[in-house]
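In this text, residue positions in the sequence shown follow the numbering used here: the first is 24, and each later residue adds one.
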Amino acid sequence: MSLDLPTIGCRTTPVLKERGQREVFCGLTGIIWLHRKMQDAFFLVVGSRTCAHLLQAAAGVMIFAEPRFGTAILEEKDLAGLADANAELDREVARLLARRPDIKQLFLVGSCPSEVIKLDLARAAERLSSVHSPHVRVYNYSGSGIETTFTQGEDACLAAMVPTLPASTARELLVVGAMPDVVEDQCLSLLAQLGIGPVRMLPARRAGDLPAVGANTVFALVQPFLGDTHAALTRRGARHLPAPFPFGEEGTTAWLRAIAEEFGVPRDLFEQVTAAPRARALKAIATQSQELQGKSVFFFPDSQLEIPLARFLTRECGMTAVEVGTPYLHEGLVGPDLDLLPQGPVISEGQDVEKQLDRQRAAAPDLTVCGLGLANPLEAEGHTTKWAIELVFTPVHFYEQAGDLAGLFSRPLRRKAILRKEAAE
Ligand code: SF4
């Protein structure tokens, strides 16, 4: 049941490592999709007004419609006295939990200001957990922009939960990474049709559904940015199933196949279950990828999805990758995608933004995938760009979303072509 691998992929390609100025969002951004996923969780950012503004701007109207995150503002007086900051945090949490009995999991999310004043949120979480347990479990993680990129917020959040998960000796599959409920349901349905179960999810929709973990747990990641969560689960004795990530028809099939092999699913059952959704995915990709055929793409490091997406765009949409930049390259996670990515592109890790902009301008790619901060200036120079952040806010995993995923990349090219045509008329 092994895949037809290309003879030479990018796993052994020397990686260009850069350490310089970076242009990325901070890890607080993850709260936007995590709060939708975990329905009885509350995310309390211990930060400044800047952090509150970032959340409001990123979340838009959501903050009013469904307030399950907020900010405990560190005032200037807090910055002068840690005792005040701790007492204020305890009061804020007590007020919140008294008002909101629906909250079962509370995340204290660290920020640049809380890190700068060295507010010990781990100790605060322990203190508050003992006060508010068993009704509420209090966790902490950092979403600070000093050292994190925007998808690391989810990684830090899930990694913070792993040590507190109950122990289990059951042989179970754990699927790790937040997906919209509709996509998660598709994933669970495919696994159920293959006869694989029980399947647990991290994060779970509710605290009561949190998985147990142990030496007989095998886990599959659906997001490539979960390096710390991977390490935390491995420390609990769980075993990772390396596989390409479930983007596109090929990635989804390879991801499912790795699990099917682990659980001894017969080949004909695998073919029977996947044949129809594979055909639908291939058809949708063919329609959506017409503008992408023969075009070049350049990835700035941002979401950590870059390597699996480059694999999808080159192998399934006919694009050529010029450079694939990623904030961190974790071979244990993206190795199977590197194996499939045809040799040719520069693989870069980290960022020195000016040098990378020089390379991008010299290459003049048809499409540039980058963060919000770079997109506007590059568009002004006439480049066609795609914001990486949209890839995390949009359902893109598994067969039924494969066409939409290709569409996310073809839309900016189509828009540019229309604008050019209008300008010429
Ligand atoms: S955590 Fe840091 S980077 Fe993020 S919004 Fe707050 S101050 Fe800005």
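Think of the CB as a built atom: it goes at the ideal place given N, C-alpha and C, for glycine as much as any other residue.
Every value quoted in this text rests on a predicted model; they were computed, and no experiment measured them.
Smallest Cα separation from residue i: which of the options?
{"i": "Ala262", "options": "Pro269, Ala304, His253", "result": "It should be pointed out that residue 262 corresponds to Arg in this sequence rather than to Ala. Among Pro269, Ala304, His253, the Cα nearest to that of Arg262 belongs to His253."}
{"i": "Tyr162", "options": "Thr187, Val222, Val139, Leu142", "result": "Thr187"}
{"i": "Glu413", "options": "Leu352, Leu39, Trp56", "result": "Trp56"}
{"i": "Ala255", "options": "Lys318, Glu285, Cys180, Val222", "result": "Cys180"}
{"i": "Gln295", "options": "Lys40, Val154, Val38, Leu214", "result": "Leu214"}
{"i": "Phe92", "options": "Ala227, Gln62, Asn109", "result": "Gln62"}
{"i": "Asp80", "options": "Ser71, Glu111, Thr52", "result": "Residue identity check: residue 80 is Ala in the sequence provided, not Asp. Ranking Ser71, Glu111, Thr52 by Cα distance to Ala80 puts Thr52 first."}
{"i": "Thr453", "options": "Arg434, Leu361, Glu445, Ser137", "result": "The chain is shown only over 24 to 448; residue 453 falls outside these bounds and no answer can be derived."}
{"i": "Val69", "options": "Lys60, Ile54, Arg59", "result": "Ile54"}
{"i": "Ala193", "options": "Arg223, Val185, Ala183, Phe173", "result": "Arg223"}
{"i": "Arg303", "options": "Glu372, Ser319, Ser191, Gly271", "result": "Gly271"}
{"i": "Ala108", "options": "Ala75, Ala121, Arg301, Asp143", "result": "Asp143"}
{"i": "His353", "options": "Glu372, Leu364, Pro365, Arg59", "result": "Glu372"}
{"i": "Pro247", "options": "Val357, Gly231, Thr297, Glu177", "result": "Val357"}
{"i": "Ser167", "options": "Arg150, Arg146, Arg118, Ser137", "result": "Ser137"}
{"i": "Cys74", "options": "Phe48, Val392, Thr407", "result": "Phe48"}
{"i": "Glu195", "options": "Arg229, Pro234, Val206, Ser212", "result": "Pro234"}
{"i": "Ser433", "options": "Lys444, Asp389, Arg443, Lys141", "result": "Asp389"}
{"i": "Thr408", "options": "Leu431, Pro203, Val415", "result": "Leu431"}
{"i": "Pro189", "options": "Gly220, Val205, Val236", "result": "Val236"}
{"i": "Asp178", "options": "Ile330, Asn399, Pro226, Pro300", "result": "Pro226"}
{"i": "Thr171", "options": "Leu249, Phe130, Glu445, Arg146", "result": "Leu249"}
Taking the alpha helix (DSSP H) that residue i belongs to, which residues open and close that run?
{"i": "Asn399", "result": "395–403"}
{"i": "Arg338", "result": "329–339"}
{"i": "Lys370", "result": "Residue identity check: residue 370 is Ile in the sequence provided, not Lys. First-last for Ile370: 369–374, but that is the beta strand (DSSP E), not the alpha helix (DSSP H)."}
{"i": "Val20", "result": "Outside the shown range of the chain, which is 24 to 448, sits residue 20, and nothing can be said about it."}
{"i": "Gly271", "result": "271–285"}
{"i": "Ser319", "result": "Where Ser319 is concerned, there is no enclosing alpha helix (DSSP H), although the beta strand (DSSP E) it sits in stretches over 319–322."}
{"i": "Cys33", "result": "Per DSSP, Cys33 belongs to no alpha helix (DSSP H) and is neither H nor E."}
{"i": "Val154", "result": "144–155"}
{"i": "Ala304", "result": "290–311"}
{"i": "Glu207", "result": "204–216"}
Can you give the beta carbon distance from residue i to residue j, rounded, assuming they're within the 8 angstroms contact cut?
{"i": "Gly200", "j": "Ser165", "result": "About 19 angstroms separates the two Cβ atoms, so there is no contact after all."}
{"i": "Gly274", "j": "Asp325", "result": "So it is not a contact: roughly 19 angstroms between Cβ atoms."}
{"i": "Gly32", "j": "Leu328", "result": "At roughly 18 angstroms, the Cβ-Cβ gap does not stay under 8 angstroms, so Gly32 and Leu328 are not in contact."}
{"i": "Gln316", "j": "Ala429", "result": "Going by Cβ atoms, the distance from Gln316 to Ala429 rounds to 11 angstroms, so no, they are not a contact pair."}
{"i": "Glu423", "j": "Gln216", "result": "About 14 angstroms; that fails the 8 angstroms criterion."}
{"i": "Arg228", "j": "Lys60", "result": "7 angstroms"}
In the DSSP output, what is residue i paired with across the bridge?
{"i": "Gln128", "result": "Ala64, Arg160"}
{"i": "Phe242", "result": "Leu197, His263"}
{"i": "Met224", "result": "Val198"}
{"i": "Trp410", "result": "Cys393"}
{"i": "Arg42", "result": "Gln374"}
{"i": "Glu111", "result": "Note: Glu111 sits in no beta bridge, so no partner."}
{"i": "His420", "result": "Phe270"}
{"i": "Thr94", "result": "Val68"}
{"i": "Gly133", "result": "Val69, Ser165"}
{"i": "Val236", "result": "Ala190"}
Start and end of the beta strand (DSSP E) containing residue i?
{"i": "Gly348", "result": "343–349"}
Cβ contact check for the segment 418–430 and the segment 396–408: 3 or more pairs under 8 angstroms: When Cβ pairs closer than 8 angstroms are counted between the two stretches, the segment 418–430 is seen not to touch the segment 396–408, the count staying below three.
Three CB pairs or more closer than 8 angstroms across the segment 119–128 and the segment 149–160: yes
At least 3 beta-carbon pairs within less than 8 angstroms: the segment 232–246 vs the segment 258–272: Between the segment 232–246 and the segment 258–272 there are three or more C-beta pairs closer than 8 angstroms, enough to call the two in contact.
Cβ contact check for the segment 367–384 and the segment 269–288: 3 or more pairs under 8 angstroms: no
Cβ contact check for the segment 293–308 and the segment 341–352: 3 or more pairs under 8 angstroms: Using a Cβ-Cβ distance cut-off of 8 angstroms, the segment 293–308 and the segment 341–352 are not in contact, since fewer than three pairs of beta carbons, one from each stretch, lie closer than that value.
Inter-stretch contact at 8 angstroms, needing at least 3 Cβ pairs: the segment 306–322 / the segment 337–344: With the cut-off at 8 angstroms, the segment 306–322 and the segment 337–344 touch.
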